[in-house]
Each structure stands twice: as C-alpha cells, then as structure tokens.
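For reference, the structure discussed in these notes is given below.
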Amino acid sequence: MTGPLHRFRALPLRSRLALLVATAVAVAVAAVAVACWFVTRAQLEERQDETLRGTRVDQDYLVDLYRYCKQATKLPPTPYSGFTVQLIDGQGNACVAPGSPELPVTGSDLSVIGSDRTGPLHTETASDGTKMRVFTYPVTATRVPGPDQPRIDLGVSIARPLSEIDKPLSTLAWVLLLVSGIGVVGAGAAGLWVARSGLRPVDELTEAVEHVARTEDLTVRIPVDGEDEIARLSRSFNSMTASLATSRDRQAQLIADAGHELRTPLTSLRTNVELLARSDETGRAIPPDDRKALMSSVKAQMTELASLIGDLQELARPDAARTGPLQVVALHDITRTALQRARLRGPELTITAELAPWYVRAEPAALERAIVNVLDNAVKFSPPGSTIDVELHRGRLTVRDHGPGIPADELPHVFERFWRSPSARQLPGSGLGLSIVARTVQQSGGDIALSPAPGGGTEAVISLPGAPTPPPDGVPE
38 MTGPLHRFRA LPLRSRLALL VATAVAVAVA AVAVACWFVT RAQLEERQDE
88 TLRGTRVDQD YLVDLYRYCK QATKLPPTPY SGFTVQLIDG QGNACVAPGS
138 PELPVTGSDL SVIGSDRTGP LHTETASDGT KMRVFTYPVT ATRVPGPDQP
188 RIDLGVSIAR PLSEIDKPLS TLAWVLLLVS GIGVVGAGAA GLWVARSGLR
238 PVDELTEAVE HVARTEDLTV RIPVDGEDEI ARLSRSFNSM TASLATSRDR
288 QAQLIADAGH ELRTPLTSLR TNVELLARSD ETGRAIPPDD RKALMSSVKA
338 QMTELASLIG DLQELARPDA ARTGPLQVVA LHDITRTALQ RARLRGPELT
388 ITAELAPWYV RAEPAALERA IVNVLDNAVK FSPPGSTIDV ELHRGRLTVR
438 DHGPGIPADE LPHVFERFWR SPSARQLPGS GLGLSIVART VQQSGGDIAL
488 SPAPGGGTEA VISLPGAPTP PPDGVPE
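The structure is reproduced here in structure tokens:
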C-alpha cells in the first residue's frame, strides 16, 4: 500500500508535524484571504453603486448633450471624466458623447422615462466590450429646453466601468497570494523549528533507550525539566531504568547468594560420595558404623539441598503465578494442618493452640507453606521440653516460642533473603523461609512482624484481613 496516507506516515515525526502546521496555516490563510477578497469586492461594488446613485448630471450639460444629439450644436468637453453619460428617449434611441461607448438600452431603462422613480442598478456590456455598471434616472422636457423643440421626457444613464473594481481586486488577489505563500513558507519553517525544539527531549529519550539496548547500561538518566508530557515520560523512563537496575542487582545478588548456599551442601555431599567411591575402588571397606554415618550425612545433605532448591523455585515464581488463583480459605484449618506437621518435627515439644474461625482470601498452598515455615522456625529454636503457644483471634495469628530469642540488632534482617543469624548458621535451613513468609503474607493483603516475647523467646504475629464467617459470594469482606 503506497497511497498518500502511507507515504505521510512514512515521514519522520518532525517532518509530519511541520507539514501539518504548514497545512493548517495554509488553510487558515487561504480562508482569510478568500474572505478578505470577497469582503473587499462587496465594499468596492457598494461604493461604486452609491457613487452612481448619488451622481446627477448638470442640466446645462444635458442640454448641450441633447443639442449635440440633434446636431444642433457642438458638444463641449465633458466635465464627467470616468463616467459614461447616455440620453435615452421614449423610443429607445440612445445618444452618448463622442469617444464614449454606447450602452445597450434595456427595458428597465425605458421604464423610468416619464416616471418619478429611478431604475435598478445593472451590469451591461458597452459597444466596445467594456463591462459597465449602469444607473438610469428620468428627466423631463422642462429640464431640457431647446429652441423650437416640443416637450419630451428622457432618461439619463450614468455608467462606470467595472474595471475600476476588477483591477484593484486583481492586485489584491496577487498581494494576498504572495502574502499567503510567504506565510505558509514561514509557518512551515516555524513548524519545523517548533517540531525540532519540542521533540528534542524525545530525541534524548530515544538516544537513551538505544544506549540502554546497546550497552545494557541501566545507570542512564534523562534530565527532567517542567511538568509536561515529555517530562512525565522522562520521569517514567528514569523510574523504569532505576527499577530494572534494582531488579538486576537483586537478581545478581540472588544468584550469588544461591551459589554460596548451594556450595556448602554440594561440597559436603561430594566429599561423602568420594569417600564411598574410594572405598569401593580400593576394596577397603568402611566400618559399618562409619558407613551408616556417611549415608545419613548424604541423606541429610540431599534433604537440605532439595529444600533449598524448593525455596529458590518459590522465590523465582512470577508474582502473577504466585498470587493466583486466590480463593477464600479457612485460616484456622490451614493452621491446624500446619500444626500437625510441626508436632511431627518436634515430638519432644508441647504445642498449644487456640484457633478461632477466620476466613481469608489467599493461595491455599502458599499460605500453608508460610505458616509451616513460621512454625518450623519456632520448633527449630525451641529447647527440648519447652512450649510453643499458637493463637488465632480475628485474623491475628500469634506463634510464641521460649527459645533464645532474636537480638534486637538482628530483627531488621530476619526477612532478608539468605540472611541467617550467626547463632543459627550451624542449624539446617537456607535462610529463605521467612522471606517467603513475608512475601506470601503481603500478597494476601496482610503483614508479619517478629519481636522479643516477654520472659524470653520470640513472638511472630501474622495479621490477615478477612471475616469470621465465609461470605455468601465466597469473597471475605
């Protein structure tokens, strides 16, 4: 498709803007020029008609012209330069001064003879081809006396050539055309300048985007000046690159942290496997107790590695997949299921629970994993024979253990990825559990906080919006 519209769209943006400005100005100037021309013509025609209506030929000149027409006397020079004066009798005979073109006699001219009214203004073509504007009025014989002449009625036609209007109008048309052309060219130049000036920030944005695409340098920022759309676009671009830079930094940090965390179990696992393989290659049997310890260690490391990979997969899931589908779930039932798993992991602990009904909107599997992680932390840090208190009241789930607690200077870091307290580095875990809990709770519209418990230990509080009974439509208020 190669039509005018396609070719127009193929032009650069600044060229299109300049062309549109020039076209708009051309249309406006043309409209003004045409209106000016028509208004001027109407005013000139009206002024010419008023001049003709207000002109009356002197009686003495009419007498001289009448005598000249009857060949009774010589006609003196006319005092009406620029006018054509013609006498008309009742039979339609016309007489004009020498050198003046004769005008055609119309019915409207004859109708005024012998009356007291003037004829309408009309346009006629004279004998020499000149278009004339004609006005006729009556005269009586008493106003045109002559020797031995009977009383007669006549009509006097006064005419002026339309060239008096046409020439100024033609000159005006050329002037308007010249001025319009200059205006359109100037408007095009001004439009191009305005387009270049106005699109300069867009050019800077384009260069920045191309630079980012070419170099992947997300530190590029565009200067922002003003509050217009270009400034908003620049701010959005700066915000986008800053977010991308932060996301890339977090991704790099996640990869580095994951590599560091994976290295420890993998190194230990490789060492144990090499010991078992060397025993088989050399034929030196490992004592049964040592072999059993090695296999237990391999199993524990595999379990730790699988748990770490599962946590990484959970964090790597996109937000859209992690948050959906959301549905109404019974928080008290999910907590009760998580408690069963916690009691299996800490059979030497006493876990008490008071669970009031509470329904929330969340992803069931993710919410259950979050609660399990919180309970696992409580089990992990609780000394044997201690108690873990769990309470759910109006959407506030409290898990309180009686372990060593968390130092105040470590509390701000507990929800960071791969962060582990120095006192817990020898315990199993990846440092991702609480990070996953915080993400899941926030996506469900709630919040989580850890704080020292009175008398020792740690208290974890999860607050989720919901209702004590499921609503009829299945969505908690």
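Using the numbering used here, you'd call the opening residue of the sequence shown number 38 and step up by one each time.
Don't be surprised by glycine CBs; every beta carbon is placed ideally from N, CA and C.
Would you say residue i and residue j are within 8 angstroms of each other, going by their C-beta atoms?
i: Val62; j: Gly220; result: yes
i: Gly151; j: Asp190; result: yes
i: Leu56; j: Ile195; result: no
i: Val416; j: Leu386; result: yes
i: Val267; j: Val239; result: Looking at the sequence shown, residue 267 is not Val but Ile. Against a cut-off of 8 angstroms, the Cβ pair of Val239 and Ile267 comes out as a contact.
i: Ile425; j: Pro489; result: no
i: Gly156; j: Ser148; result: yes
i: Val427; j: Thr340; result: no
i: Gly136; j: Arg197; result: no
i: Leu434; j: Phe452; result: no
i: Val142; j: Ala134; result: no
i: Phe418; j: Pro401; result: no
i: Ser217; j: Val66; result: yes
i: Asp86; j: Leu158; result: yes
i: Met138; j: Thr167; result: It should be pointed out that residue 138 corresponds to Pro in this sequence rather than to Met. Taking 8 angstroms as the Cβ cut-off, Pro138 and Thr167 qualify as a contacting pair.
How many whole angstroms separate the CB atoms of residue i and residue j, which I take to be in contact at a CB cut-off of 8 angstroms?
i: Leu112; j: Asp101; result: 6 angstroms
i: His406; j: Ile473; result: According to the sequence as given, residue 406 is Arg; it is not His. Yes, they are in contact, since the Cβ atoms of Arg406 and Ile473 sit about 7 angstroms apart, within 8 angstroms.
i: Val411; j: Ile499; result: 7 angstroms
i: Gly493; j: His430; result: That belief does not hold up - the Cβ atoms of Gly493 and His430 are roughly 23 angstroms apart, past 8 angstroms.
i: Leu281; j: Leu242; result: Actually they do not touch by this definition, with Cβ atoms about 15 angstroms apart.
i: Leu209; j: Thr77; result: 6 angstroms
i: Gly228; j: Leu54; result: 6 angstroms
i: Leu199; j: Thr160; result: 7 angstroms
i: Ile408; j: Ala375; result: 4 angstroms
i: Val478; j: Leu501; result: 7 angstroms
i: Leu368; j: Val335; result: With 8 angstroms as the limit, Leu368 and Val335 do not qualify as a contact, their Cβ atoms being about 38 angstroms apart.
i: Gly16; j: Gly503; result: With the chain covering only 38 through 514, there is no way to say anything about residue 16.
i: Val171; j: Leu124; result: At roughly 13 angstroms, the Cβ-Cβ gap does not stay under 8 angstroms, so Val171 and Leu124 are not in contact.
i: Ala486; j: Val436; result: Contact flag wrong, Cβ pair sits at about 11 angstroms.
Could you give the residue range of the alpha helix (DSSP H) that holds residue i?
i: Gly144; result: 144-148
i: Ala403; result: 401-418
i: Val8; result: The shown model of the chain, from 38 to 514, leaves out residue 8, and the question about it has no answer.
i: Asp370; result: 368-382
Terminal residues of the continuous beta strand (DSSP E) containing residue i?
i: Leu547; result: No information on residue 547 is available, as it lies outside the stretch 38 to 514 that the chain covers here.
i: Arg237; result: Looking at the DSSP string, Arg237 is not in any beta strand (DSSP E); the run it does join, the alpha helix (DSSP H), is 237-252.
i: Ile425; result: 424-430
i: Arg170; result: 168-177
i: Leu124; result: 121-125
i: Leu434; result: 433-437
i: Ile566; result: Because the chain spans 38 through 514 in this model, residue 566 falls outside it and cannot be assessed.
i: Glu453; result: Counting along the chain, Glu453 falls outside any beta strand (DSSP E), and DSSP gives it neither H nor E.
i: Val133; result: 131-133
i: Glu264; result: Counting along the chain, Glu264 falls outside any beta strand (DSSP E), and DSSP gives it neither H nor E.
i: Ser488; result: 484-489
i: Ile388; result: 387-392
i: Thr160; result: 159-162
Under a CB-based cut-off of 8 angstroms, is residue i close to chain B?
i: Ile425; result: Absence of chain B from the displayed structure is noted, only one protein chain being present.
Can you have a look at residue i and say buried or exposed, based on whether 16 or more other CB atoms are within 10 angstroms of its CB?
i: Arg180; result: The predicted position of Arg180 is uncertain, since its pLDDT is 46 and thus under 50; a value taken from the coordinates is nonetheless stated next. Per the 10 Å Cβ criterion, exposed.
i: Val212; result: exposed
i: Ala80; result: Note on identity: in this sequence residue 80 is Gln, with Ala being the wrong assignment. Classification of Gln80: exposed, given that the 10 Å Cβ count is below 16.
i: Ser481; result: buried
i: Glu247; result: exposed
i: Ala357; result: Any reading at Ala357 is ruled out, since the residue's pLDDT is 44, under 50, leaving its predicted position unreliable.
i: Trp395; result: buried
i: Ile292; result: exposed
i: Pro114; result: exposed
i: Thr162; result: exposed
i: Gln128; result: exposed
i: Thr495; result: buried
i: Gln463; result: In this predicted model, Gln463 has a pLDDT of only 49, less than 50, meaning its place in the structure is not dependable; the value taken from the coordinates is given anyway. Exposed: under 16 other Cβ atoms inside 10 Å.
i: Thr278; result: buried
i: Leu303; result: exposed
i: Arg476; result: buried
Counting Cβ pairs, one atom from each stretch, are 3 or more of them under 8 angstroms apart for the stretch 271-279 and the stretch 246-257? yes
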